[in-house]
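Q: Let me give you the structure first, and then I'll get to my questions.
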Amino acid sequence: MFEGFLKNRRVQWGLGIFGAFVFVAVFGDLLIKLVGWGPLDVDYDALHTGPGHGGHLLGTTISGQDVLAQLISGARGSMAVGTLSALLAIALGAFIGVSSGFFGGTYDTVMNGITNVFMTMPSFALTLIAAGYISAAGGPGSNAMGWALMAFLIGIFEWPGMARYLRAQTLTLRSRDWAMATKLLGESRMRMIFSEVFPHLLGIVSATFLRAIMAGILAEAGLNFLGVSTGGVISWGTMITNAQNQGALTLGWWWWFLTPGLAIAFIGTAAALVNFGLDEVTNPKLRTGNAGAVNRFIKAQRRAARASA
Amino acid sequence: MAQMVVEPTTPLGSGPRAIPTEAPLSPRHTGRLRLPGGLGAGRARFFLRRVSAYLVVAWAAVTLNFIIPRFMPGDPAEAVLRRIQFNTGRAPLHSEIEAVRRIYGDPQKNIIGQYFDYWSGVIHFDFGVSTTSYPTPVSELILQALPWTVFLVGSTTLIAWLIGTALGALMGWKPGNTFDSIFAPVTTFFHAFPGFWLGLVLLWIFAIKLQWLPVSGGYDPNVPFSLGNFWFVLSVIFYGALPMFALIFIGFNGWLFSMRNVMVATVTEDYVLLARAKGLKESTILMRYAARNALLPNVTGLAMAIGGVIGGTVLIEAVFTYPGMGFLLQNAITQHDFPTMQTVLLMLTACAIVANFVADSIYVLLDPRVADTN
């Protein structure tokens, strides 16, 4: 299954785009050297200039900071929060989903109930409120919290969707013949979960992981926009928020607020492409294939029918 | 239309078939599986089960609301009292201290007693006073904001769902054709837009550059505030146009994909082939055979998506300074107004529960099998 997954055209595109962003996030410091301006360097000769002027490829902010450098540095901030929150959400979701799908019984009923409760509650509002309390505890007027803490808050409320999905998948795996065979061989449950069930879920988990990263990036941007900031760390969310707060919208400095949003949209597209690919691999009915191949097949069939007639 | 070569099938056996006369044909086994009490009772039982499930969710939400401030670093109760003192310039009254302690925890009382006190507050719709707009009760702020959010979420979710489902059905009807292969990647990209950022872009284009629509607010402040006034209603639509458009745009892409994917699988089903073989009109097959069945997962999805939709609405309201719950929440968070924060979360959860229940009810009306099978 995993091979078919990697051969899928959409998956290749998605992973390619995603890989490019990971590259930027990891080697951001080197790339910023190429840009020539640090993300916080101020160019007093070029305040809020448009793209392409004064050596700033994507223009500058109101205080003369290079937008491209901020975008590169923001990739790291956003991806870090996204990845950490996704790791947490996946770990929780996989643990709860796989265990309740596998063990069933009362444990499953209870866990499923808890999942449903968290699923029904608006998770973003929950994260926001917990963040509000924590940032307020820092003293009056402080709204900053560490990026790791923010990632934790996002991840801790994001697992229910994955738990539900993985539970459903585990249920179908459990009822397969090989599962029964393993059971009859007298394998222990732990061994069955980790060396039989989990490897089968790996493709799904990895695609869900991408989606969770995307959700984390979106949540981080949203939290920033609503005033819960990650004190000092540049992310795409802080870029959009700063642009909005410092009047980029009313003054029409589109390069400042359009670029970070587009960056998020590209990552989201990559995650969606991988997920579509996964859907196609797991559900062959979805494979639309290419019309050309289908037509060739039909023509060949017709020819064969004529020849035999 | 491509022609398929289908070999004529030869019947496996000819002549009259031996019909088994035992169990399968006895009247007790014909038709659908009957539960005692028939279909109506099945539905009633289904509703009862769902209602009790949602009561559990509601209980959990209130309890969580009780727990969160007690587990947070610092002492929220102390913070609220200080803020009241700061706002009024005097020491908080005894009654105020008591009210705040009831909601945020009192180190002197045991936790079980606190829990019951908290519940009595919730039942009486008494959530204390807001610290930012002191001394307005939080319940009053909520009642002012709630209708706006319900209007925004309700109307946009419905419209987005209808558009997305209809387009998705068309895309999945002939997967891989020009419409599908152009529209699919484009909407994938649109779907990945951060909602509030899209709101900002719309604000920039339509309210600031073109100046067609207002920048912020939910209604024209110069028009008398009454639902009976035609001009007021018109101004609500005019002011709500941008946030609504943003929410519909964010929403419909998701519905489109889930509908398309189910539709792709449904059009290969045998009953669709049979409908074709009967020579029915394409539109009839599309609407009554394929789309009708493919619709069901999208209805279930409606229930599951409400939580996310509410999260998106919070952000969109903040972008457009729309006078709903999201805007209230944003203000409460930046100003550390705990009573308001807390109550907004509770009310948003209540909205999510009600919306879930509505979606569930639609589902059981569309698909009687749900109520039948236990």
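Taken in sequence, the protein lines are chains A and B.
In my numbering, each residue's number is its place in the first sequence (first place is 1) plus 112.
In my numbering, each residue's number is its place in the second sequence (first place is 1) plus 3.
All C-beta atoms, glycine included, are put in the ideal place defined by N, C-alpha and C.
Strictly below 8 Å CB to CB, what residues from chain B border A/Phe370?
A: According to the sequence shown, residue 370 of chain A is Leu rather than Phe. Here the neighbours are Val204.
Q: Which one of B/Asn296, B/Trp258, B/Ala278 and B/Gly243 has the shortest CA to CA distance from B/Ala268?
A: Ranking the options by Cα distance to B/Ala268, first place goes to B/Asn296.
Q: For A/Leu265, which residues in chain B fall below 8 Å Cβ to Cβ?
A: Chain B residues near A/Leu265: none, gap ~11 Å exceeds 8 Å.
Q: Please confirm whether A/Gln281 has its beta-carbon closer than 8 Å to some beta-carbon of chain B.
A: Not an interface residue.
Q: Check whether the Cβ of B/Thr135 lies closer than 8 Å to any Cβ atom in chain A.
A: Answer no: the Cβ-Cβ gap between B/Thr135 and chain A never drops below 8 Å.
Q: Whole angstroms are fine: how far does the CA of A/Asp391 sit from the CA of A/Trp125?
A: Approximately 15 Å between the Cα atoms of the pair.
Q: Exposed or buried, what is B/Arg35 when buried is set at 16 or more other beta-carbons lying within 10 Å of its beta-carbon?
A: Because the pLDDT at B/Arg35 is just 49, under 50, the model does not fix this residue reliably, and the value given afterwards should be weighed accordingly. Exposed, by the Cβ-count rule.
Q: Verify the CB distance criterion: does B/Met307 have a CB-CB separation below 8 Å to chain A?
A: Chain A contact via Cβ: present.
Q: If we define contact as Cβ-Cβ less than 8 Å, is A/Thr173 a contact residue for chain B?
A: No, A/Thr173 does not count as interfacial toward chain B.
Q: For B/Arg73 and A/Ile246, what's the separation of their Cα atoms in angstroms?
A: B/Arg73 and A/Ile246: Cα-Cα distance of roughly 12 Å.
Q: Taking three-plus beta-carbon pairs below 8 Å as touching, is the region 179-188 of chain B in contact with the region 352-364 of chain B?
A: With a cut-off of 8 Å, the region 352-364 of chain B and the region 179-188 of chain B do not count as touching, because too few Cβ pairs lie within range.
Q: Would you please verify whether the beta carbon of A/Pro234 is less than 8 Å from any beta carbon of chain B?
A: Yes, A/Pro234 counts as interfacial toward chain B.
Q: Is B/Ser142 helix, strand or coil when you go by DSSP?
A: In this structure, B/Ser142 counts as helix in the three-state DSSP scheme.
Q: Buried or exposed: A/Met302, going by 16 or more other Cβ atoms within 10 Å of its Cβ?
A: Classification for A/Met302: exposed.
Q: For the alpha helix (DSSP H) that A/Phe230 lies in, which residues bound it at each end?
A: Per DSSP, A/Phe230 belongs to the alpha helix (DSSP H) from Gly217 to Thr232.
Q: What residue from A/Ile316, A/Leu338, A/Phe321 and A/Leu285 has the CA that sits closest to A/Met304's CA?
A: When only C-alpha atoms are compared, the closest one is A/Leu285.
Q: Determine whether the Cβ of A/Gln356 lies closer than 8 Å to any Cβ atom of chain B.
A: Judged by the 8 Å Cβ criterion, A/Gln356 is in contact with chain B.
Q: For B/Ile70, count the other beta carbons within 10 Å of its own beta carbon; 16 or more makes it buried, fewer makes it exposed. Which is it?
A: Label assigned to B/Ile70: exposed.
Q: Quick check on B/Leu378: buried or exposed, where buried means 16 or more other Cβ atoms within 10 Å of its Cβ?
A: Residue 378 of chain B cannot be examined here, being either before or after the span of chain B that is shown, 4 to 377.
Q: Are the region 188-202 of chain B and the region 296-305 of chain B touching, with three or more C-beta to C-beta distances below 8 Å?
A: Touching, no.
Q: Quickly, what does DSSP pair A/Asp427 with across the bridge? List them, please.
A: Look at the range of chain A in this structure, 113 to 421, and you will see that residue 427 of chain A is not part of it.
Q: Under 8 Å, do A/Ser347 and A/Ser190 count as touching if we go by C-beta distance?
A: Taking 8 Å as the Cβ cut-off, A/Ser347 and A/Ser190 qualify as a contacting pair.
Q: Based on the DSSP secondary-structure assignment, which residues constitute the bridge partners of B/Val132?
A: B/Val132 is bridged to B/Pro140.
Q: What is the residue span of the alpha helix (DSSP H) that A/Lys295 lies within?
A: Unbroken alpha helix (DSSP H) run through A/Lys295: Asp289 to Leu296.
Q: Whose Cβ in chain B lies nearer than 9 Å to the Cβ of A/Ala384?
A: Going along chain B in sequence order, the residues near A/Ala384 (Cβ under 9 Å) are Thr191, Phe192, His194, Ala195 and Phe260.
Q: Measuring only between beta-carbons, confirm whether A/Asn120 sits less than 8 Å from chain B.
A: No - not a single Cβ of chain B is within 8 Å of the one on A/Asn120.
Q: B/Gly171 and B/Trp258 - do their beta-carbons sit closer together than 8 Å?
A: Cβ distance < 8 Å, so B/Trp258 and B/Gly171 count as in contact.
Q: Distance, Cα to Cα, B/Thr134 vs B/Asp340?
A: Whole-angstrom Cα-Cα distance: 5 Å.
Q: With 8 Å set as the bound, which would you pick, yes or no: does the beta-carbon of A/Gly339 sit closer than that to a beta-carbon of chain B?
A: So yes, A/Gly339 belongs to the interface.
Q: Show which residues of chain B have a CB atom less than 8 Å away from the CB atom of A/Ile376.
A: Those within 8 Å of A/Ile376 in chain B are Ala195, Phe196, Pro197 and Trp200.
Q: Going by alpha carbons, who is nearest to A/Gly281 out of A/Trp271, A/Asn120, A/Leu314 and A/Leu296?
A: Gly is not the amino acid found at residue 281 of chain A; the sequence shown has Gln there. Nearest of A/Trp271, A/Asn120, A/Leu314 and A/Leu296 to A/Gln281, Cα basis: A/Leu314.
Q: B/Ile336 and A/Gly339 look like a contact to me (Cβ under 8 Å); what is the Cβ gap, rounded to whole Å?
A: The Cβ separation is near 6 Å, so the contact holds.
Q: Using the Cα positions of A/Met274 and B/Phe323, report the straight-line distance between them to the nearest angstrom.
A: If you take the alpha carbons of A/Met274 and B/Phe323, they lie about 32 Å apart.
Q: So which residues of chain A does B/Ile253 contact, with C-beta pairs closer than 8 Å?
A: Per Cβ cutoff of 8 Å: no residues; B/Ile253 is ~11 Å from chain A at best.
Q: Name the two residues that bound the continuous alpha helix (DSSP H) containing A/Ala333.
A: Counting along the chain, the alpha helix (DSSP H) containing A/Ala333 begins and ends at Phe310 to Phe337.
Q: Should A/Thr381 be flagged as near chain B, meaning a C-beta pair shorter than 8 Å?
A: Judged by the 8 Å Cβ criterion, A/Thr381 is in contact with chain B.
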